[in-house]
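Asker: Take a look at this one; I'll ask things after.
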Amino acid sequence: MTKKDMKKSLRNLFILSFLLNGCGNSGSSNEIATVNSNEISPFSWSLSSPQEEGMDSDKLENVLEYVFDDDFSTQGLIVVRNGKIVIEKYQDISDSTISGLLSVFSDKEILSWGTGLTYDDLKDIFGNKNKDSLATSWSSAKSITSTLVGIAIEEGFIDSVDEYASRYLPDWIGTDKENNITIKNLLEMRSLLKCPPGGNGGSSIYYQEDQLAPSKDRNFDPDISQANPPYFNNWVYCNADTMLLGEILLNATGKSVQEFGDYYLFSKVGMTVDWWLDGKGNYLAYCCVDMTTRDFAKFGLLWSNAGFWGGEQIIPAEWIAESLSSKINIDWSETTFYNYQWYTHNKFTDADNSIEVYGFGTKGYNTNNIWIIPS
Numbered sequence: 001m002t003k004k005d006m007k008k009s010l011r012n013l014f015i016l017s018f019l020l021n022g023c024g025n026s027g028s029s030n031e032i033a034t035v036n037s038n039e040i041s042p043f044s045w046s047l048s049s050p051q052e053e054g055m056d057s058d059k060l061e062n063v064l065e066y067v068f069d070d071d072f073s074t075q076g077l078i079v080v081r082n083g084k085i086v087i088e089k090y091q092d093i094s095d096s097t098i099s100g101l102l103s104v105f106s107d108k109e110i111l112s113w114g115t116g117l118t119y120d121d122l123k124d125i126f127g128n129k130n131k132d133s134l135a136t137s138w139s140s141a142k143s144i145t146s147t148l149v150g151i152a153i154e155e156g157f158i159d160s161v162d163e164y165a166s167r168y169l170p171d172w173i174g175t176d177k178e179n180n181i182t183i184k185n186l187l188e189m190r191s192l193l194k195c196p197p198g199g200n201g202g203s204s205i206y207y208q209e210d211q212l213a214p215s216k217d218r219n220f221d222p223d224i225s226q227a228n229p230p231y232f233n234n235w236v237y238c239n240a241d242t243m244l245l246g247e248i249l250l251n252a253t254g255k256s257v258q259e260f261g262d263y264y265l266f267s268k269v270g271m272t273v274d275w276w277l278d279g280k281g282n283y284l285a286y287c288c289v290d291m292t293t294r295d296f297a298k299f300g301l302l303w304s305n306a307g308f309w310g311g312e313q314i315i316p317a318e319w320i321a322e323s324l325s326s327k328i329n330i331d332w333s334e335t336t337f338y339n340y341q342w343y344t345h346n347k348f349t350d351a352d353n354s355i356e357v358y359g360f361g362t363k364g365y366n367t368n369n370i371w372i373i374p375s
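Position 135 of the sequence shown, counted from 1, bears residue number 135 in the UniProt record's numbering, the numbering being contiguous throughout.
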């Protein structure tokens, strides 16, 4: 795949944490206006302190010590309560992380595009992290894509999640996938299609110039559909399912996830978004949105407010409720559930297990996460 910039290709490690109180068819005549950067709605964060917002400063100090331990190479953390930033910290790349990256890039069989970088190159790319620095979502982008599907349904571009995906994926017409996979199946990652090889949800497609083709050209996996009992509600975490949601949005609205998101979501919240493409110009709906850490925080704050922002219902409240309905118990946790590309946790605990709270959020490679704790 093409790389716009090395700062989008290496590890942008950050955690976003929130402690908060808290459509038609491919032939639709709906038109989407072009959104220019000067049309982005203004928004200014309010800064506060943990004490002013009723939080325990000592516990938050322990959080900072843990998160910014050298073992994690964390580069950014924001904690928001009552809509105000109470903690914000950034960290440059550490010498130990640079050494690790140089070791990886020395092996051309692993990554050919990173070879030739020096210590000074990496220090320049990842140094001086602050509130204006870009961070990469990795798989937290899946939750953004799902949000855009919900908006597309509300705006009339897609009828419902129960439509067959083949209505917007014409290559599936006349195949066994035509009348067997719904948009909902893809949102839930229960398509029953064989996931491409590689860890982290079939990561092998990441290194292909065209990532859409192998996502579409999959067959049903008998190991899933014939499992007895079915493995974890037929749930298989797979990047390719989300990649298809991006193509469905394109064919339903006539706009890419970037363009559609700019008009219906990002500009309204004041988020400046740069979404990665593969070598064929396909947007990576499953991965890799670049924003500042503060802009990722806006997305979390929007969800914590049930999709309401600046006097406007931007995300349908019904979509948020359905997304957080916690229907699928996933394979690696008894208390973690998955639905519509979001995670819900029935039990977050503190260090001494003295409290248990509910939360939901997004998860991305290298802990690029957004967590919302309504209580």
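Where a beta carbon is used, it is the ideal one built from N, C-alpha and C, also for glycine.
Determine the DSSP secondary structure at residue 312, reduced to helix, strand or coil.
Answerer: strand
Asker: Quick one, are the C-beta atoms of residue 242 and residue 286 less than 8 Å apart?
Answerer: Judged by their CB atoms, residue 242 and residue 286 are nearer to each other than the 8 Å cut-off.
Asker: How many Å lie between residue 188 and residue 302 at the Cα?
Answerer: 22 Å
Asker: Please report the straight-line C-alpha distance between residue 84 and residue 103, rounded to a whole angstrom.
Answerer: Roughly 40 Å separates the two Cα atoms.
Asker: So residue 150 and residue 374 are in contact, right, with Cβ under 8 Å, and what is the actual spacing, rounded?
Answerer: Not really, about 19 Å apart at Cβ, beyond 8 Å.
Asker: On the DSSP letters alone, give me the boundaries of the beta strand (DSSP E) that residue 348 sits inside.
Answerer: 342-349
Asker: Comparing C-alpha positions only, which one of 87, 74, 86, 106 sits nearest to residue 94?
Answerer: 74
Asker: Evaluate residue 77 with the Cβ neighbour count: other Cβ atoms within 10 Å of its Cβ, from every protein chain shown; 16 or more gives buried, anything less gives exposed.
Answerer: Answer is buried; the Cβ neighbour count reaches 16.
Asker: Whole angstroms is fine: what's the gap from residue 289's alpha carbon to residue 368's?
Answerer: 11 Å
Asker: Express the C-alpha separation of residue 335 and residue 326 in angstroms, rounding to a whole number.
Answerer: 10 Å
Asker: On the DSSP letters alone, give me the boundaries of the beta strand (DSSP E) that residue 247 sits inside.
Answerer: That residue, residue 247, is in no beta strand (DSSP E); its alpha helix (DSSP H) goes 239-253.
Asker: For residue 360, report the span of its beta strand (DSSP E) as first-last.
Answerer: 356-362
Asker: Tell me the start and end of each unbroken alpha helix (DSSP H) in the region 120-188 that is at least 4 residues and wholly inside, in chain order.
Answerer: 141-154, 183-187
Asker: Restricting to Cα atoms, I'd like to know which of 58, 324, 65, 51 is closest to residue 82.
Answerer: Here the closest residue by C-alpha is 51.
Asker: Can you tell me whether residue 273 is helix, strand or coil according to DSSP?
Answerer: coil
Asker: Assuming residue 297 and residue 168 make a contact with CB atoms under 8 Å, what is their CB distance in whole Å?
Answerer: Actually they do not touch by this definition, with Cβ atoms about 32 Å apart.
Asker: Using a Cβ-Cβ cut-off of 8 Å (strictly less than) and excluding sequence neighbours within five positions of residue 414, which residues of its own chain qualify?
Answerer: Past the boundaries of the shown model lies residue 414; the chain is included only from 1 to 375, so the question cannot be answered.
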